[in-house]
Every structure is written in C-alpha cells, then in structure tokens.
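Right, one structure below, let's go through it.
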Amino acid sequence: MKLFDVYPINDINIVKAEGSYVWDDKGTKYLDLYGGHAVISIGHTHPHWVRRIENQLNQIAFYSNSVQIPIQKELAEKLGKLSGKEDYQLFLINSGAEANENALKLASFYTGRKNIVAFTKAFHGRTSLAVAATDNKNIVAPVNETDNIDFLPFNDEEALKNYFQSNGDSVAAVIIETIQGVGGITMANKSFLQLIRQLCDQYKSVFIADEIQCGYGRSGRFFAVDGAGINADIYTMAKGMGNGFPIGGILIAPHIQPKHGMLGTTFGGNHLACAAALGVVEVMEQENLVENANEVGSYLINELKKIDAIKNVRGEGLMIGFDVPEEIKTLRKDLLFQHYIFTGEAKPNVIRLLPALSLSKQQADDFLKALKEAIHSLTNKKEAVEA
Ligand SMILES: Cc1ncc(COP(=O)(O)O)c(C=O)c1O
C-alpha cells in the first residue's frame, strides 16, 4: 500500500530529538526553529514530559468520557491558573481543526444564529466549518462551501463596523487569529481586536480567539489576544498544548453554559493526552517559558531587523516572520541543507520562526550567525554571476 501523497516533503528522516535539536538517520544534527509547525512548546522529549506520559501509560491510557477522569480536572485547574482564565470551562478534543469546529458550533448553539465572520488570509483548519472559515479556496471542497461565512478584510475597522451595522443581529461569532500564522505572521491591531470585543458585546455575538498557533505562550503572553487587554468568549488551542502529543481544547467563558450531549468526542480528554498536556503546563510554569519566549523573541526580532537583506521583520515572542526578497529566495532551503536549521515558510517568500519556547539566546545567536552567512554566500554568488 502507498501513502496518500498530499505533502511536499523534504528528504530527511528525523530519528531523534532533544530540546531545540533534532537528528536525522545519518547522524546530522539540526537546530529546530520550526518546532514541527509550532507544535514543540517545551522542547523535544523533555524528560518531565516523557516521565509523565510513561507513568500514565503504565496506569491507564484511555477510557471514554462516560466515567470520572480526574486528570482532566487537574489539567483544567493548572491551565486556568497558567492562562489567568480560572473562571472559564475546558472542553478537550484532539486537534486544532476540531477545536475551531466545536467553538463555532458552540457559538451557534449559544446564539441560535448561523453567520460567522472570518478574515482574509485566515487559516482555521480543514474540517468542514473550520475550512469554510479558512480563506483558501484550494482547500475548500464543494461540500464545505457555505453562505454562513463572511470574510472581511483583516484589520479594517470601517468594514467591520459597517458589516455589523447591517448584519450584527445574525452574527453568531467572529473568529480571528491575533497573529495570523499560515497567512504569513500578520498581527491584528489592538484597536481592531478591541472593536471586535465591543461589537460582539453590543450584538451579543461570540468572540472566538483562534490561539492554536499564536497561543499557549508563543507570543510571549499566554494568549496573544491578551495583549489587547480584552477577553475572548472562546479560546481555541492545540499545537503547543501537548508538545507533540495530539490534544486540543477550547476555553469557554462562564456565561456560555453546557448541556449534556451538546458537544462530545471519543478520544478527546483521554488519560494519556491529559498527562502529556499536564507535563507541558508544569514545565512551562517551572521553567518560565512564557517569559523566555518574550525575552528571546524580542532579542531575535531586534537582531533580525538589523539585517538589511531581509525585509519586514514582524511578530511577537517566538512567532516571527520576515520577507525573503526574490534575489535570495533559496534562503530557507540553504538554511536547511547547508546550515542544518529548520525554519517554516508561508507563501510567497516568507520565512516563519516557530521554535520551542525554551529556545536559548545562544541558539538564537547560532541562528543569526548562520542566517548572515547564508545571505552572504547567496549575495556573493549573485554578484559573481553578474560580474
Ligand atoms: C491558526 C490555526 N488554526 C487551526 C489550525 C488547524 O490545526 P490542526 O492542524 O491541528 O487541525 C492551524 C494549523 O496550522 C492553525 O495554524
């Protein structure tokens, strides 16, 4: 049997990982500034996380949500404290798309309405409603197409106000990434987020913060949207939550009340996933990783801004993007195959840095040195061709 070939892949077989490093089957060591797409939060194979999972595996890995699962409550309590949302409620699932799917469904149940506002260049996942709220026609199958989603221009306050003036009473939810990831690391303005909050309050719509990529400490705050001094009604989370163990969750404000049967899942909240997620929050707290993301991230952003050859450095914490001009467009591949550094990409020609939140300043410096060398050899090559 062949694999269903949907991924353009690099010909690298990673067999070992530790902290911010991974090794391939030939023994080559790579610095990982991609974190397997923003998933590695506390560092690969962190010993506390490994122990947590091992211990749980020896007790019980899974039982369904038909019995008491105290480790879910333990996770909810620790997550409430770490995120500062102690009065919110936690619903657990297995992935980011599921988190958004459930958030949108819940908003519709709660308001009794159908319309969803999403924004240009948004990415919210690949399940039916999540993909319909994603601004990429290529991944929306005919069956996912719906008139229930309206896309408005990102950061356009006038367009948002006008839309609500005409349609506010039918809006179930507004869903937004405070820092768009797949969209190329584009930051929502604070005033835009505050306006969404104000309009959702005025029209009794639900504010959904998609924090799947920008959340869980990555921006240097627990939730990126916190920077605007507002609360969302629902926060969706996944990626960094399990440090690679599949788990997702939604935090739900107290005014949205549950009913039995309203949402449900077989695997969501299983013992093993909760142990992995608890391992993550414990390490985040013990090692002050949110603060580290803020410090090392600010340092990286400042240093990157000093490099003339790359353009438009942006982001917050350890969610950083910059544009790669056409003349040095092979930069990302050169970093990977000549300097052994994984980075992420966004189209067209954007490099994304999404490392573990434990990235050290030394590792940031190692990257900066390699980046300058890679740029230097690319520009020299170009000059040699032109001469
Ligand atoms: C902002 C955002 N939302 C949702 C998702 C979907 O998450 P998953 O791939 O776990 O379904 C992603 C994945 O990249 C994402 O970046």
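Take the working numbering: the final residue in the sequence shown is number 756, and no numbers are missing along the way.
Glycine residues also receive a C-beta, built at the ideal position from the N, C-alpha and C atoms.
Assign residue i to one of two classes, buried (16 or more other C-beta atoms within 10 Å of its C-beta) or exposed (fewer than that).
i: Glu423; result: exposed
i: His745; result: exposed
i: Thr480; result: buried
i: Thr748; result: exposed
i: Phe373; result: exposed
i: Glu514; result: exposed
i: His415; result: buried
i: Glu455; result: exposed
i: Tyr376; result: exposed
i: Ala502; result: buried
i: Glu546; result: buried
i: Ile438; result: buried
Between the options, which has its C-alpha nearest residue i's C-alpha?
i: Asn524; options: Asn471, Ser560 and Ile599; result: Ser560
i: Val719; options: Leu705, Leu700 and Leu658; result: Leu700
i: Phe736; options: Leu498, Leu400, Leu529 and Ser452; result: Leu400
i: Val652; options: Glu470, Asp538, Ser727 and Leu426; result: Ser727
i: Asn663; options: Ala733, Asp393 and Ile383; result: Ala733
i: Glu695; options: Lys716, Leu687 and Leu372; result: Lys716
i: Ala725; options: Gln458, Phe636, Gly589 and Gly638; result: Gly589
i: Pro522; options: Val509, Val486 and Asp538; result: Val486
i: Asp579; options: Asn558, Glu526, Phe591 and Ile603; result: Ile603
i: Gln707; options: Ala491, Thr397 and Ile383; result: Thr397
i: Glu470; options: Phe533, Met631, Asp380 and Pro623; result: Met631
i: Gly412; options: Leu658, Ala622, Glu526 and Ile697; result: Leu658
i: Met670; options: Asn507, Glu654, Met688 and Tyr432; result: The displayed chain sequence assigns Ile, not Met, to residue 670. Looking at the Cα atoms, Met688 is the closest of the given residues.
i: Glu527; options: Glu546, Leu564 and Asn505; result: Leu564
i: His624; options: Phe636, Ala645 and Ala601; result: Ala601
i: Val436; options: Gly638, Ser539 and Arg420; result: Gly638
i: Lys474; options: Gly388, Arg566 and Pro627; result: Pro627
i: Leu448; options: Tyr668, Gln731, Tyr585 and Asn661; result: Tyr585
Beta-carbon within less than 7 Å of residue i's beta-carbon, same chain only, minus the 5 sequence neighbours each way: which residues are those?
i: Glu467; result: Thr496 and Gly617
i: Lys450; result: none
i: Asn517; result: Lys483, Asn484 and Ile485
i: Ala541; result: Ala476, Ser477, Thr480, Arg482, Lys483, Asn484, Ile485, Ser574 and Val575
i: Lys751; result: Glu696
Determine the contact status of residue i and residue j, defining contact as a CB-CB distance below 8 Å.
i: Lys599; j: Leu562; result: A small correction: the amino acid at residue 599 is Ile; Lys does not occupy that position in the sequence shown. Yes; because the gap between Cβ atoms is below 8 Å, this pair is in contact.
i: Tyr403; j: Phe711; result: yes
i: Ile409; j: Leu647; result: no
i: Ile548; j: Cys583; result: yes
i: Leu704; j: Ala678; result: no
i: Gln425; j: His640; result: yes
i: Gly609; j: Arg587; result: yes
i: Leu723; j: His406; result: yes
i: Gly611; j: Val649; result: yes
i: Ala557; j: Gly465; result: no
i: Thr605; j: Ile621; result: no
i: Asp692; j: Lys680; result: yes
If contacts are defined as beta-carbon pairs under 8 Å, then residue i and residue j qualify, I think. What distance do you get, rounded to the angstrom?
i: Ile378; j: Ala472; result: Actually they are not in contact, since the Cβ atoms of Ile378 and Ala472 sit about 31 Å apart, beyond 8 Å.
i: Val509; j: Val500; result: 6 Å
i: Gln592; j: Ser452; result: A quick correction: the sequence has Phe, not Gln, at residue 592. The Cβ separation is near 7 Å, so the contact holds.
i: Ile697; j: Lys741; result: In fact, because the Cβ distance is near 12 Å, the residues do not count as touching under 8 Å.
i: Phe520; j: Phe488; result: 6 Å
i: Glu685; j: Gly666; result: 7 Å
Suppose the cutoff is 6 Å on Cβ atoms and the five residues either side in sequence are ignored; what does the same chain contact list for residue i look like?
i: Cys643; result: Ile440, Gln441 and Leu444
i: Arg683; result: Ile554 and Gly690
i: Ile577; result: Ala472, Ala542, Ile544 and Ile603
i: Ala645; result: Ile422, Gly611 and Phe614
Return the chain-ordered list of same chain residues with a C-beta closer than 8 Å to the C-beta of residue i, the five sequence neighbours on each side being excluded.
i: Thr634; result: Asn434, Leu461, Ile462, Asn463 and Glu467
i: Gln571; result: Phe533 and Gly537
i: Trp346; result: For the chain, the structure presents residues 370 to 756; residue 346 sits outside this window and is missing.
i: Lys530; result: Leu564 and Leu568
i: Ser539; result: Arg482, Lys483 and Asn484
Would you say residue i lies against chain C (beta-carbon separation less than 8 Å)?
i: Met556; result: The chain labelled as chain C is not found in the depicted structure, where only one protein chain is given.
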